[in-house]
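S.K.:
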Amino acid sequence: MKQQNNKMKHLRRFWNWLLGKTTIDEKIEAKVDEVVEEVKERVDRIKEEVADVKAAAKEVASQAKEVVEAAKGKKRRGRPKKK
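Numbering (the numbering used here), first residue to last: 53 to 135.
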């Protein structure tokens with residue numbers, strides 16, 4: 053009985069020592085935080101680019117309408133000619 057308690061005591065001490073040396077969880081949490089920040093930065097950058105593409109697409113649509121109007125024979129809109 054005494055020998056079994058002694059083994060359990062040593063096993064418990066070893067386990068506590070091992071848990072004290074383990075920093076895997078902390079390393080994983082740090083890496084996850086890094087990845088999350090990088091993903092957030094990328095998402096923000098993608099949103100900016102999508103906004104730029106949207107503005108460019110609106111301009112292309114406007115220009116396409118002007119091409120159709122020109123094909124119909126309408127005069128070009130824009131600044132009036134100087135006299």
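Beta carbons are placed, not taken as given, at the ideal position from N, Cα and C, and that holds for glycine.
Quick check on glycine 72: does DSSP put it in helix, strand or coil?
M.R.: Within the sequence shown, the letter at position 20 stands for residue 72. DSSP places glycine 72 in helix when its eight states are reduced to three.
S.K.: Expressed to the nearest angstrom, what Euclidean distance is found between the alpha-carbon atoms of isoleucine 76 and glutamate 89?
M.R.: Your numbering for residue 76 matches position 24 in the sequence shown. Your numbering for residue 89 matches position 37 in the sequence shown. Answer to the nearest angstrom: the Cα atoms are 20 Å apart.
S.K.: By DSSP, does arginine 65 sit in helix, in strand, or in coil?
M.R.: Reading the sequence shown from its first residue, position 13 is the one you call residue 65. Looking at arginine 65 - three-state DSSP - the assignment turns out to be helix.
S.K.: Express the C-alpha separation of valine 119 and lysine 126 in angstroms, rounding to a whole number.
M.R.: Position 74 of the sequence shown, counted from the first residue, corresponds to residue 126. Position 67 of the sequence shown, counted from the first residue, corresponds to residue 119. Roughly 10 Å between the two C-alpha positions.
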